[in-house]
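Numbering of the sequence shown is given in the UniProt record's numbering, commencing with residue 1 and proceeding in unit increments.
C-beta atoms are modelled at their ideal positions from N, C-alpha and C, and glycine is treated no differently.
Quick caveat, the model's predicted, so the values are computed rather than measured.
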Amino acid sequence: MMASAEEDFPRGGTAKKSADSKTTVGRAQVDNLFQVHELTESKKRKGRDKDESRKLKKQKSDGGLTLNAPAKTVEILHTKNVKEGMLMLGCVKAVADFEVSVGLPCGLQGFLSIRNISDSYTKLLSDQLDSDDAEICSLPHLFHPGMVLRCAVAQLDVTKGGLPSIQLSINPKLVNKSVTSSSLKAGMVLSGCVESVEDHGCIVDIGVSGTKAFLPEEATKTKQNQPRELRVGQYLTCLVEAVKNDGRVVRLSVNPDAVAQACAEPKLGWSLTNLLPGLLVKATVKKVTKHGLLLDFLSSFSAQVDFMHMEPEQTSTYTEGLQVQACVLYVEPSTRLVGLTLRRYLLQPGSGIDPVPAGRDRVGEVLKGCKMIAMHHLSGAVLELPDGSRAFVHRNHLKEPNEPANENRVYAAPEHSCRILNFSPMEQIHFASLRKSVIEKLFYRYQDLKAGQVVEGTVSSLLSQGMVVHLSDHIKGLVPRTHLSDIVLKNPEKKYVPGMKVKCRVLSVEPEGKKLYLTRKKALVESSLPLFLSYSDARPGRVSHGFIVCVKDFGCIVRFYNDVKGLVPLGELSSEPIVHPEEAFYVGQVLKAAVLQCDPERSKMILSFKAAVEGVAVEAAEPHVDCEVGKVRWKGSPRVLKGIWK
1 MMASAEEDFP
11 RGGTAKKSAD
21 SKTTVGRAQV
31 DNLFQVHELT
41 ESKKRKGRDK
51 DESRKLKKQK
61 SDGGLTLNAP
71 AKTVEILHTK
81 NVKEGMLMLG
91 CVKAVADFEV
101 SVGLPCGLQG
111 FLSIRNISDS
121 YTKLLSDQLD
131 SDDAEICSLP
141 HLFHPGMVLR
151 CAVAQLDVTK
161 GGLPSIQLSI
171 NPKLVNKSVT
181 SSSLKAGMVL
191 SGCVESVEDH
201 GCIVDIGVSG
211 TKAFLPEEAT
221 KTKQNQPREL
231 RVGQYLTCLV
241 EAVKNDGRVV
251 RLSVNPDAVA
261 QACAEPKLGW
271 SLTNLLPGLL
281 VKATVKKVTK
291 HGLLLDFLSS
301 FSAQVDFMHM
311 EPEQTSTYTE
321 GLQVQACVLY
331 VEPSTRLVGL
341 TLRRYLLQPG
351 SGIDPVPAGR
361 DRVGEVLKGC
371 KMIAMHHLSG
381 AVLELPDGSR
391 AFVHRNHLKE
401 PNEPANENRV
411 YAAPEHSCRI
421 LNFSPMEQIH
431 FASLRKSVIE
441 KLFYRYQDLK
451 AGQVVEGTVS
461 SLLSQGMVVH
471 LSDHIKGLVP
481 RTHLSDIVLK
491 NPEKKYVPGM
501 KVKCRVLSVE
511 PEGKKLYLTR
521 KKALVESSLP
531 LFLSYSDARP
541 GRVSHGFIVC
551 VKDFGCIVRF
561 YNDVKGLVPL
571 GELSSEPIVH
581 PEEAFYVGQV
591 LKAAVLQCDP
601 ERSKMILSFK
611 AAVEGVAVEA
621 AEPHVDCEVG
631 KVRWKGSPRV
641 LKGIWK
């Protein structure tokens with residue numbers, strides 16, 4: 001059950017409290033914000049809410065919307081609260097050739113396209129298409145996991161599977177669009193991208209119209225006193241050292257110590273209009289709640305810190321009136337709701353954070369015996385895992401999608417089973433699900449799949465390259481055109497339609513690139529012969545089903561699984577003489593092949609069709625993988641597959 005828009009962004013009254021206010025929360029009540037449980041609101045609370053709503057009417061702007069009003073309660077940032085133009089701090093999770101995966105606050109995830117870096121980088125890409133001489137720097141050279149970015153939400157999309165997709169941009173013209181040349185002051189910290197590399201430094205695009213920003217070579221030196229190598233499109237967190245000619249010329253520095261110590265102050269002219277994520281601010285705690293803190297900063301602005309962005313060891317020390325250093329996490333554009341973080345690892349602008357959890361990768365694990373130690377109204381719950389670590393369960397994953405919400409019943413259960421969905425670098429915590437449908441999924445990430453497995457999926461679409469088959473909401477594979485059937489199909493659309501259930505066998509899987517190749521060839525899917533998953537499996541005398549990938553005048557190349565392949569020489573094609581192999585064999589044909597010779601170290605193998613037909617003694621089949629659907633015991637996590645690989 002989804003909360004209403006008013007519940008999602010609850011607005012409070014004025015910051016000033018009446019003398020008989022009973023909203024002060026004692027320290028004992030909030031000694032540990034990870035051990036709270038909020039039941040249904042009382043009638044008294046509802047009465048106070050009505051009084052506060054009357055005060056709220058006095059604060060509304062001309063458009064009827066209160067800007068930066070103190071919230072009545074603290075909740076995490078939800079996907080539905082994300083709007084285009086919203087500014088957020090993010091952490092690079094993974095870098096591909098054309099896209100960067102970015103972890104956002106509260107477990108959200110966004111995607112940064114190669115087209116949304118900067119104008120100068122886009123121009124460089126365009127020039128590269130027209131000329132082979134232009135030197136280009138790929139995304140893996142510009143970004144690395146753990147890198148902290150100031151991002152703007154460029155677009156909100158929905159995937160074919162109906163999942164929300166947040167498209168990001170770090171283009172300074174979007175991130176810093178509210179900063180003007182006249183508002184630039186020494187001491188400000190801005191993000192920018194290298195526009196051009198000059199003899200004694202580089203020009204940095206900070207997105208401010210009419211302003212040229214220069215980064216001297218001296219200001220880029222590392223601790224080893226060597227100039228930092230910079231490339232066009234490279235993202236930088238910069239300190240404004242000097243402003244000249246009314247903001248038309250700016251000198252920058254990327255000195256880590258100077259950037260980390262710079263704090264946003266009222267004298268620098270920061271306002272709700274130009275406030276940026278990543279800025280360090282001094283804030284005062286105005287109210288301590290069960291779910292986080294309400295604060296004032298920069299003299300008159302209101303903000304919130306949710307429970308995941310408080311230092312876990314210091315929750316008992318947060319009291320009204322306490323002054324803290326915080327970092328701006330996000331700014332909601334329409335209401336100017338500001339989210340702050342108090343986590344130490346985010347209080348060092350320009351430095352990176354750990355993009356992966358300490359220890360092993362737990363994503364996809366199913367854990368039993370988990371205890372729920374906190375229920376946060378409108379946000380979710382905190383679980384204590386069997387090893388003592390903690391995970392967060394978003395409110396949407398406390399129940400099945402169509403089930404009515406019953407947080408009290410869930411909280412009362414003595415133990416829970418959960419599946420680890422993801423790791424959020426911004427909170428340094430795993431996100432999990434209590435949904436039975438998620439826990440029981442056979443395939444949750446590409447690592448769950450092994451070559452040779454027989455799987456069932458649903459036809460998604462037919463492309464020129466082949467057929468796309470979904471094994472789950474987040475995992476899909478490609479059946480190459482030559483593998484749609486035992487024979488080549490001229491009109492595959494007559495046999496396959498979207499939504500059709502199909503049984504396939506995994507040819508190969510590349511978890512890192514999220515590439516999965518499948519076959520629909522009946523002879524391969526139903527084969528009971530040993531599977532050649534590696535060259536060490538192909539011992540002399542063994543026979544397996546393989547498929548022809550190349551026909552030459554000297555013989556045929558036969559492939560098995562995981563790109564294991566071998567040569568069938570001309571003399572081993574048949575017991576009958578064959579002069580022109582192309583007349584007797586075709587690409588995609590499935591045949592039994594016997595191993596004559598195999599050198600695993602050199603990945604070389606000699607095969608024979610003739611020996612397989614003549615019945616050379618072979619070893620009994622050894623089960624390399626449990627191929628029966630429903631008995632797979634690998635575990636993993638889902639990721640959205642972007643496009644179809646070439």
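{"query": "Contact set for P216: own chain, Cβ-Cβ below 6 Å, skip 5 residues either direction", "result": "G201"}
{"query": "Where S300 falls: helix, strand or coil (DSSP)", "result": "coil"}
{"query": "Sheet register partners of P216 (DSSP bridge)", "result": "G201"}
{"query": "Continuous alpha helix (DSSP H) stretch holding P164: start and end", "result": "Taken as a continuous stretch (DSSP letters only), P164 belongs to no alpha helix (DSSP H), being part of the beta strand (DSSP E) at 164 to 169."}
{"query": "Pick from G588, K368, Q261, K83 that is closest to A154, judged by C-alpha positions", "result": "K83"}
{"query": "Entirely enclosed beta strand (DSSP E) segments - the region 352 to 427, minimum 3 residues", "result": "366 to 376, 380 to 384, 390 to 394, 416 to 424"}
{"query": "Coil, strand or helix - E320 by DSSP", "result": "coil"}
{"query": "Every unbroken beta strand (DSSP E) inside the UniProt domain \"S1 motif\" (85 to 171) [3 residues or more]", "result": "87 to 95, 99 to 103, 109 to 113, 148 to 158, 164 to 169"}
{"query": "Burial state of T315 (16 or more Cβ within 10 Å)", "result": "buried"}
{"query": "Opening and closing residue of the beta strand (DSSP E) in which V74 lies", "result": "Taken as a continuous stretch (DSSP letters only), V74 belongs to no beta strand (DSSP E), as it is neither H nor E."}
{"query": "Residues near H545 in its chain [Cβ-Cβ closer than 7 Å; skip 5 each side]", "result": "A523, L524, S527, L529, V590, K592"}
{"query": "The region 324 to 335 touching the region 240 to 258, judged by at least three CB pairs closer than 8 Å", "result": "no"}
{"query": "I206 - containing beta strand (DSSP E), residue span", "result": "Unbroken run through I206: none, as it is neither H nor E."}
{"query": "Q261 - DSSP class collapsed to helix/strand/coil", "result": "helix"}
{"query": "Cβ pair count under 8 Å reaching 3, the region 436 to 455 against the region 483 to 500", "result": "no"}
{"query": "Whole-Å CB distance - K368 paired with S417, under 8 Å assumed", "result": "5 Å"}
{"query": "Cross-strand partners of R505 (DSSP beta bridge)", "result": "V454, T519"}
{"query": "Closest Cα partner of M375 within the set A413, R362, V579", "result": "A413"}
{"query": "Distance, I606 Cα to Q597 Cα", "result": "5 Å"}
{"query": "Endpoints, the beta strand (DSSP E) within which I487 is located", "result": "It is not in any beta strand (DSSP E) - I487 carries neither H nor E in the DSSP assignment."}
{"query": "CB contact flag (I439, V551, <8 Å)", "result": "no"}
{"query": "Boundaries of the alpha helix (DSSP H) in which S271 is found, first to last residue", "result": "Where S271 is concerned, there is no enclosing alpha helix (DSSP H), given that its DSSP letter is neither H nor E."}
{"query": "E75 burial status per 10 Å Cβ neighbour count (16 or more: buried)", "result": "buried"}
{"query": "Rounded distance between the beta-carbons of L434 and L398, thought under 8 Å", "result": "6 Å"}
{"query": "R115 versus Q167: straight-line alpha-carbon distance, rounded", "result": "11 Å"}
{"query": "T23 to Y318 span [Cα, whole Å]", "result": "Per-residue confidence for T23 stands at a pLDDT of 39, beneath the threshold of 50, marking its modelled position as unreliable; the derived number appears in the next sentence. Going from the Cα of T23 to the Cα of Y318 covers about 15 Å."}
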